[in-house]
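If you're matching positions, the sequence shown starts at 1 in full-length UniProt numbering and goes up one per residue. First the structure, in the form of structure tokens, and then the observations on it.
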Amino acid sequence: MEKKPMATLLFLFCIFTAASTATSSAVTFTPKDNFLIDCGSGAQTTHSDGRLFLSDLNSGQYLASQGRDILASIPSGNVSSPIYLSARIFVEEATYTFRMARPGWHWIRLHFYPFKTNEYDLQTARFTVTTDSLVLLHDFGVENNNNTDQWFFKEYLVNVTSERFSIKFTPLKGDPAFINAIEVVSAPDILITDSVSALFPVAQIDGFSMQSFQTVYRLNVGGPEITSKNDTLGRTWATDGNFLAHKELGKQVSVSPTVIKYPEAGSPLIAPQSVYASAVEMGDANVAAANFNVTWNLDIDLSYQYLVRLHFCDIISKSMDDLYFNVFVNGKKAISGIDLSTLTGGLATAYYKDFVVNSSMVSSPLSIQIGPWTEGTGAIDALLNGLEVFKVNNSVGSLDGEFGVDGNTANGVRKGTVAVVGFCMMFGAFVGLGAVAVRWQKRPQDWQKRNSFSSWLLPLHAGDASFMNSKSSMGSRKSQFFSSTTGLGRYFSFNELTDATKNWDSKAVIGVGGFGNVYYGELDDGTVVAVKRGNPQSEQGINEFQTEIQMLSKLRHRHLVSLIGYCDENTEMILVYEFMLNGPLRDHLYGKDLSPLTWKQRLEICIGAARGLHYLHTGAAQGIIHRDVKTTNILLDDNFIAKMADFGLSKDAPSSDGQNYVSTAVKGSFGYLDPEYFRKQQLTDKSDVYSFGVVLLEVLCARPALDPGLPREQVNLAEWAMQWKRKGLLEKIIDPVLIGSINLESMKKYAEAAEKCLAEYGVDRPTMGDVLWNLEYALQLQEASAQGKADDENKELAAASPPSAAVAPAAAATANNLPISPPEQSRNPAEVPVIDDHSGTAMFAQFAAINGR
């Protein structure tokens with residue numbers, strides 16, 4: 001009998017909890033300021049979402065007009081709400097002024113419907129709309145917005161800081177200004193944070209709470225239109241179908257909005273449940289490997305910055321930690337391997353991410369893409385639930401046009417000086433065109449044969465008339481070598497490389513990188529080469545192509561991959577390298593069924609790579625920063641000699657002018673990126689040292705630098721390994737194949753070198769010369785240990801042999817059926833330490849007699 005009351009209590013508790021959850025998900029917001037005016041109307045109007053708009057008669061105290069204004073209305077129209085059926089028309093400047101109840105974020109919505117009256121055709125109206133400090137619309141004409149026969153509205157988010165807020169309408173060129181309805185409504189403070197991540201270059205930008213924004217796009221991805229009636233803040237979410245490129249690549253999915261949850265720090269005010277309840281995920285594109293992106297293209301004005309807000313909610317996974325995917329903005333990676341369930345702590349939980357895009361670094365249309373994470377485990381899928389794009393006001397407080405309220409431009413130029421500046425710019429343009437025409441007349445005579453784009457786009461080099469001046473024609477079967485003054489190597493025709501790669505046979509692909517595919521090729525003379533062909537769709541392009549050639553043309557070292565030549569015919573960008581038989585170091589550590597490397601081999605490979613980097617930093621006339629050090633960019637030849645490769649992202653080190661860094665956008669590979677470089681966009685040679693520290697751990701532990709498939713604390717190799725190092729238990733996580741063969745003192749010295757490389761600040765990291773010294777020491781310790789073991793075995797063998805066996809070592813070995821040790825000169829070259837001018841080996845003569853165990 002006692003169980004029934006308890007069951008009843010549990011049932012009531014569950015209902016109460018569910019009700020509480022539902023209530024929290026349906027948070028409402030009551031605005032302190034709520035000015036809604038149906039301009040031109042004679043009576044109060046009810047909007048389609050149920051809100052009441054005051055008539056002109058009841059809102060006259062807000063308007064101050066300097067001249068005649070007209071009330072106009074029509075009986076009906078193709079509109080969504082009756083607020084568009086009336087308008088106030090101004091032939092002179094007019095100002096609406098509102099007394100605010102509280103400062104902070106406010107929605108400003110201006111509603112327009114350009115109907116015709118007996119006196120005016122509002123479709124031809126031109127006017128400007130401003131506040132006290134902000135330009136909302138400049139020289140605005142309805143015909144410029146493709147809205148000549150339909151209603152529309154402009155929405156702004158403004159941080160109002162004064163008690164009085166004004167909106168001024170100024171007619172232009174004899175045309176009237178007009179407005180159908182005005183909203184000035186308080187918005188919640190959580191909508192915009194003060195600090196936002198910027199893309200291209202990556203940075204953290206503060207002060208966004210003092211900016212103003214215009215809503216350019218607000219899309220409910222994968223779902224129906226959401227009107228102001230179904231959004232607590234009166235927002236409208238359009239459908240995304242008109243912006244989705246290649247619709248066959250995306251598939252709409254949806255769940256009941258009631259299942260959507262918000263994290264502890266989240267709020268339905270950011271976006272309602274109905275936005276997160278629908279999405280577009282990767283569709284079935286009838287391809288063998290689902291390695292493609294779903295793309296939305298959005299036209300933008302390249303004169304402004306944009307705040308891009310992406311809404312995510314994992315409504316497709318059946319279990320946690322099963323969905324990882326990438327997000328791209330204009331083809332550049334913005335988020336790598338996002339794991340929504342880890343970020344939110346559950347499935348079907350709302351999450352959003354803000355980015356600031358400097359439009360001068362991108363192009364129009366703005367492209368938003370989602371695609372699969374191909375470097376880990378889990379489902380091959382990606383999704384997007386909602387998308388918002390806000391224009392950010394420029395430096396003179398304008399959201400439309402180049403002039404601020406005071407008439408100044410961002411460059412301090414007033415309107416009166418524009419004509420003079422324009423004339424000067426036009427004159428300069430004519431002079432520039434004349435110079436181009438002269439150069440065109442003097443172009444190389446074989447240009448038409450080669451049709452090479454880079455001859456004209458790339459800068460002058462080594463005093464030549466053209467950086468990529470070719471000596472061979474497009475159809476030639478015999479390429480010629482450049483003169484020694486250029487140092488650029490051999491020029492190959494496209495046909496020549498097509499033959500060498502058997503018409504770019506997909507079976508000849510031996511690697512894939514950011515620049516494009518790498519093919520196995522064989523030249524006419526039998527030389528085996530690696531041919532890297534640029535992909536037009538790649539993030540990397542002509543700059544990386546040029547950088548690679550410029551860098552490798554002035555670098556020659558045993559531990560750097562040699563550039564043999566290149567091809568730049570038509571739009572092709574192709575690089576030809578020496579062939580490295582054993583491929584990337586990573587393939588010999590994990591992911592491929594290759595024989596594991598011994599500890600000694602790994603040390604020698606790391607030493608070789610360190611020598612290459614040490615030469616880059618100190619051996620060239622001006623130091624060079626590799627910028628993309630990782631195990632896939634350390635290649636092994638047929639003797640397992642390590643060579644650094646892929647210099648497309650490399651940068652010249654700063655000149656000796658007191659500055660020890662290069663200010664540049666962050667590029668590289670996640671997992672290897674120097675955190676200081678990532679924060680400050682200040683690249684130094686110590687950034688390479690950090691990346692090399694990650695490589696050292698990758699070599700020791702035989703696992704990726706980032707592995708999202710592992711528990712959270714193990715995802716980042718550098719952090720995870722250093723935790724074990726500080727515990728003194730690093731041997732617990734090393735590659736199992738090394739157990740029993742690795743000398744612990746050697747490993748300890750090696751781990752110390754890696755730890756120093758991974759210091760938080762570059763000033764605390766060693767130089768590559770210091771790293772090389774420590775690795776050479778670790779190798780000496782390993783060799784001494786191996787020699788000590790061999791000596792012990794020989795002593796035991798000698799003690800067990802009869803006295804008459806004191807014969808030549810070879811004879812003794814033969815008599816006892818033991819293998820004969822090969823002479824030193826016949827050892828595998830991979831096991832012979834390499835010494836060159838940039839090695840620290842000379843420092844270790846003192847260790848020659850070490851016989852450690």
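Yeah, the Cβ is synthetic: ideal placement off N, Cα and C, and Gly gets one too.
- Per DSSP, the beta bridge partners of Lys154 are Leu110.
- Secondary structure of Phe670 (DSSP, three-state): coil.
- Val329 is classed as buried because its beta carbon has at least 16 other beta carbons within 10 Å across all chains shown.
- Taking a cut-off of 8 angstroms for Cβ pairs, the region 782–796 and the region 622–641 do not touch, as fewer than three such pairs fall below it.
- Counting only runs of at least 3 residues, the region 160–222 fully encloses the following beta strand (DSSP E) elements, listed from N- to C-terminal order: 164–171, 177–179, 181–186, 196–199, 203–205 and 213–220.
- Following the DSSP letters along the chain, one finds Leu729 in no alpha helix (DSSP H), marked with neither H nor E.
- Annotation for Lys391: the continuous beta strand (DSSP E) segment containing it runs Gly386 to Val392.
- Around the Cβ of Ala751, a 10 Å sphere holds 16 or more other Cβ atoms; the residue is buried.
- In terms of CA proximity to Ile300, Ser363 leads the group Asp764, Cys39 and Ser363.
- Taking each of Thr227, Ser254 and Tyr590 in turn and checking the Cα distance to Arg703, the smallest one comes out for Tyr590.
- A straight line joining the alpha-carbon of Asp688 with that of Leu758 spans about 10 angstroms.
- Annotation for Leu649: no alpha helix (DSSP H) segment contains it, and DSSP assigns it neither H nor E.
- For the pair Gly241 and Gly222, the Cα-to-Cα distance works out to about 8 angstroms.
- In this structure, the CA atom of Glu760 is about 22 angstroms from the CA atom of Lys651.
- Residue pairing of Val329 in beta bridges, as defined by DSSP: Lys332 and Ile368.
- Two segments are said to touch when three or more pairs of C-beta atoms, one from each, lie closer than 8 angstroms; by this definition the region 318–326 does not touch the region 222–236.
- Ala64 sits in a strand when the DSSP states are folded into three classes.
- Under the criterion of beta carbons closer than 8 angstroms, His559 and Ala642 qualify as touching, at roughly 6 angstroms.
- Closest in C-alpha terms to Arg102, from the list Gln204, Gln123, Ile190 and Asn159, comes Asn159.
- Between Val294 and Gln369, the beta carbon gap of about 7 angstroms places them in contact (Cβ cut-off 8 angstroms).
- Counting along the chain, no beta strand (DSSP E) covers Ala754; the unbroken alpha helix (DSSP H) around it starts and ends at Leu744 to Cys757.
- Ile270 has its alpha-carbon roughly 20 angstroms from the corresponding atom of Thr342.
- Within its own chain, the residues whose Cβ lies closer than 7 angstroms to the Cβ of Ala177, once the five positions on either side in sequence are excluded, are Phe90, Ala125, Phe127, Phe169, Thr170 and Pro171, listed in chain order.
- Secondary-structure assignment with DSSP links Glu676 through no beta bridge to anything.
- Between Tyr566 and Phe492, the gap from beta carbon to beta carbon is short of 8 angstroms.
- Here the C-alpha atom of Thr30 lies approximately 9 angstroms from the C-alpha atom of Pro188.
- Cα atoms of Asp792 and Lys532: separation of roughly 51 angstroms, rounded to the nearest angstrom.
- Here Ser65 has Ala94 as same chain residues with Cβ atoms under 6 angstroms from its own Cβ, once five neighbours each way along the sequence are excluded.
- For the options Lys261, Arg109 and Ala653, the alpha carbon positioned closest to that of Leu136 is the one of Arg109.
- Under DSSP, Ser86 forms a beta bridge with Ser73.
- Taking the Cβ atoms as the reference, Val253 lies roughly 18 angstroms from Glu225, outside the contact range of under 8 angstroms.
- In the DSSP annotation of this structure, Asp139 is not part of any alpha helix (DSSP H); the continuous beta strand (DSSP E) holding it starts and ends at Val135 to Gly141.
- Boundaries of the alpha helix (DSSP H) harbouring Leu343: Leu340 to Thr344, taken from the DSSP string.
- The region 723–738 makes no contact with the region 765–773: fewer than 3 CB pairs, one atom from each, lie closer than 8 angstroms.
- In the DSSP assignment, Phe494 falls within the unbroken alpha helix (DSSP H) covering Phe494 to Ala500.
- The Cβ atoms of Val389 and Val275 lie no closer than 8 angstroms to each other.
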